[in-house]
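Numbering (numbering that gives the first Met the number 0) for the sequence shown: 0 to 488. Backbone N, C-alpha and C define an ideal beta-carbon position, used for all residues, glycine too. The structure displayed is predicted, hence computed values, not measured ones.
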Amino acid sequence: MLSRLITCVVMVTLIVLAIDARPARCEEPKKKAQNEGVPTLEQARKAIEQGLTFLGKDAVKWRQERGCATCHHGTMTVWALSEAKRQGYEVDAEALADTIQWTKDQFVPRISKPRDLREGWNLVSQPAIYLGVMSKSLPILSRDEVNQVASHLARYQEEDGAWLLGRPANASPPTWESRETVALLAYLAWEAYVPPDPKEAAAARVSREKAAAWLSQTKPTDTTQAAALRLLLDVQTGKSAEQLQLGIDRLLRRQNQDGGWSQLNDMPSDAYATGQTLYALSFAAVENERPEIKRAVAFLVATQRDDGSWPMTSRNHPGIKTTRKPIRNPVPITYFGSAWAALGLVRSVPTAPDTASRQQRAFDQIQGYGGKYELDENAPGRPVMRVDLRSYEVEDQEVENFTKVLRAFPRLATLQFKSTKITDAGLTHLKRLPQLRSLAIENATITDSGLANLKVLTCLENLNIKGAKVTDAGIQEFQKALPKVKVER
């Protein structure tokens with residue numbers, strides 16, 4: 000047993016890049032003099048590296064001492080480190096794969112069990128929800144496991160379409176902030192699943208529609224988390240650019256003078272709310288160069304502790320009184336806050352230029368989706384000229400991920416998609432590849448509004464939108480801006 004534990008600890012330790020880490024504390028953050036004002040990209044990247052180091056080392060410590068995975072030391076570890084790896088930050092792939100498998104082994108077998116109706120045991124699984132949400136943009140769960148999450152959500156859903164909260168004294172915010180935030184996370188995790196049995200398929204569809212109806216009829220609570228999750232939901236459901244802007248503006252109005260966001264209006268800025276907000280804004284294609292994003296990055300860099308974590312303060316639901324100080328064990332909320340800070344930062348701060356490694360990551364991602372690429376054998380350096388991703392039905396978030404990694408190929412001229420899962424929201428990300436001359440987005444679920452997002456591709460010569468529901472009027476309007484583009488329908 001001891002040898003297995005030592006092996007386990009050694010493998011997970013490979014994730015981290017530093018040696019020393021201190022236990023989490025709840026004191027107020029100490030401003031770092033070198034980070035006062037706007038940090039340089041190098042300072043921001045160093046903060047990310049330190050944050051990832053803390054997350055990896057603290058997860059090792061938790062795993063060694065507790066032997067179990069949790070929402071914080073487990074699912075958030077997988078989420079933050081996987082996103083960091085996706086964005087090009089250095090994370091040991093083998094050790095991360097071990098952590099992913101260990102976390103899944105802890106939770107996935109449980110989510111297929113019948114619902115336990117005892118009070119306190121009849122709550123939806125937060126780890127299952129987090130694994131489902133992250134799997135919308137990261138290759139964490141298999142298709143079968145994603146379906147298991149969907150079935151779990153349906154089993155634990157209440158008649159009104161939402162999910163129960165635990166007892167206020169036990170289920171603390173921000174993870175159990177409100178029925179609204181739990182429902183938002185659950186719906187974000189709920190991949191549309193169609194069981195083979197017609198009756199089961201109809202029931203699954205009705206359950207998911209009930210959740211959507213509950214969310215649409217529920218007045219949003221005045222918290223940053225609710226606003227961030229609703230923006231993510233708008234992105235996922237393919238809302239128009241105008242509708243997304245409403246959610247973006249709603250979040251930006253909540254930004255504090257220090258550059259951060261607070262969970263509630265009467266609380267100070269913290270890493271949880273700030274990181275979660277940056278994460279949501281990044282999916283809504285808010286550019287990293289905006290001053291609001293830079294101020295938020297500066298806040299996180301300035302408030303990071305020397306061990307790589309961020310200070311957090313536990314809180315209770317209103318009406319729950321305690322004389323304990325701190326009111327709860329600070330370790331879980333410190334880890335949650337630090338993980339969200341890392342998630343927000345890695346999606347807001349680009350990795351350092353490294354052409355060879357960036358291109359290799361792009362090659363790996365293309366091949367991971369069964370894609371193909373073509374080199375210009377006659378040009379110096381044999382640059383990548385064409386990428387074909389038509390063998391896999393990518394979603395909007397995957398389009399975003401590809402537009403980021405494909406920037407490693409500045410000579411890329413042709414990009415091909417074929418997917419019914421690409422919506423108007425997905426097309427907004429293509430502005431990152433202004434050099435494209437030929438673009439295929441066959442069978443995409445796009446409209447005239449989505450087509451208008453492509454007007455920024457001023458080098459475009461050929462556009463294949465076969466199978467898309469774009470009108471003649473929409474094409475005419477598009478060709479007014481880009482008259483030389485040949486459109487195939």
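Asked                                                                                                                                                                    : Found
Applying the criterion that 16 or more other CB atoms from any shown protein chain within 10 Å of the CB defines a buried residue, is GLN49 buried or exposed?           : buried
Note down, one range per segment and in chain order, each alpha helix (DSSP H) of at least 4 residues found wholly within the segment 181 to 241.                        : 197 to 216, 223 to 235
Considering only DSSP beta bridges, list what VAL486 is partnered with.                                                                                                  : LEU462
For a quick check, are the C-beta atoms of LEU214 and LEU250 less than 8 angstroms apart?                                                                                : no
Rounded to the nearest angstrom, what separates TYR129 and THR74 at their Cα positions?                                                                                  : 7 angstroms
Here's a check: name, in chain order, each residue in its chain whose Cβ is nearer than 8 angstroms to the Cβ of ASP395, leaving out the five neighbours to either side. : VAL234, GLN235, GLY237, LYS420, ILE421, THR422, ALA424, GLY425, HIS428
Examine the Cβ distances between the segment 243 to 257 and the segment 188 to 201 and report whether three or more of them are shorter than 8 angstroms.                : no
Whose C-beta lies closer than 6 angstroms to the C-beta of GLU373 among residues of the same chain, with five residues either side of it excluded?                       : MET384, ARG385
Using 10 angstroms around the beta-carbon of TRP162, count the other beta-carbons present and answer buried if the total reaches 16, otherwise exposed.                  : buried
Which two residues bound the contiguous alpha helix (DSSP H) that contains LYS417?                                                                                       : No alpha helix (DSSP H) contains LYS417, which is instead part of the beta strand (DSSP E) from 413 to 417.
Pick from PRO349, ALA340, LYS320, MET311: whose alpha carbon is nearest that of THR333?                                                                                  : MET311
Within the continuous beta strand (DSSP E) that includes ASP395, where are the two ends?                                                                                 : Looking at the DSSP string, ASP395 is not in any beta strand (DSSP E); the run it does join, the alpha helix (DSSP H), is 395 to 404.
Can you give me the Cβ contacts of ALA297 inside the same chain, cut-off strictly under 8 angstroms, excluding the 5 residues immediately before and after it?           : ASN34, GLY36, VAL37, PRO38, GLY258
What's the gap between the Cα of LYS479 and the Cα of ILE445?                                                                                                            : 19 angstroms
Once you ignore the five residues that flank ALA127 on each side, which residues in its own chain have a CB closer than 7 angstroms to its CB?                           : PHE106, ILE110, VAL148, HIS151
According to DSSP, what are the bridge partners of GLY131?                                                                                                               : Per DSSP, none; premise fails for GLY131.
Is LEU245 helix, strand or coil by DSSP?                                                                                                                                 : helix
Taking the continuous alpha helix (DSSP H) assigned at ASP97, which residues delimit it?                                                                                 : 92 to 106
May I ask which residues mark the beginning and end of the alpha helix (DSSP H) holding LYS293?                                                                          : 290 to 302
By how many angstroms is the C-alpha of GLU179 removed from the C-alpha of PRO331?                                                                                       : 22 angstroms
Who are the Cβ neighbours of GLU157 in its own chain at under 7 angstroms, not counting the five residues just before and after it?                                      : LEU163
Starting from VAL330, trace the alpha helix (DSSP H) in both directions and tell me its first and last residue.                                                          : 329 to 345
Taking a contact to mean a Cβ-Cβ separation below 8 angstroms, would you say ILE319 touches PRO167 in this structure?                                                    : yes
Please tell me whether TRP309 and SER347 are closer than 8 angstroms, where the distance is taken between their beta carbons.                                            : no
Helix or strand or just coil, what does DSSP make of MET266?                                                                                                             : coil
Sorted by chain position, which residues of the same chain lie with C-beta nearer than 8 angstroms to LEU435's C-beta, five sequence neighbours on each side aside?      : LEU411, ALA412, THR413, LEU414, LEU429, LEU456, CYS458, LEU459
Helix, strand or coil for TRP175, going by three-state DSSP, please let me know.                                                                                         : coil
What would DSSP say about SER124, mapped onto helix, strand or coil?                                                                                                     : coil
I'd like to check one pair, LEU450 with PHE477: are the Cβ atoms closer than 8 angstroms?                                                                                : yes
If you drop the 5 nearest sequence neighbours on each side, which residues of the same chain put their C-beta closer than 6 angstroms to that of SER124?                 : ILE110
Would you identify the three-state DSSP class for TRP162, choosing helix, strand or coil?                                                                                : coil
Can you give me the start and stop residues for the alpha helix (DSSP H) that GLU286 sits inside?                                                                        : Neither: GLU286 is in no alpha helix (DSSP H) and is coded neither H nor E.
Using three-state DSSP, classify SER261 as helix, strand or coil.                                                                                                        : coil
Going along the chain, which residues of its own chain have a beta-carbon closer than 7 angstroms to the beta-carbon of GLY369, five neighbours each way excluded?       : SER390, TYR391
Where does ALA96 land, buried or exposed, given buried means 16+ other C-beta within 10 angstroms?                                                                       : exposed
Exposed or buried, ALA89, counting other C-beta atoms within 10 Å across all chains shown (16 or more means buried)?                                                     : According to the sequence displayed, residue 89 carries Glu and not Ala. By the neighbour-count rule (16 or more Cβ atoms within 10 Å), GLU89 is not buried but exposed.
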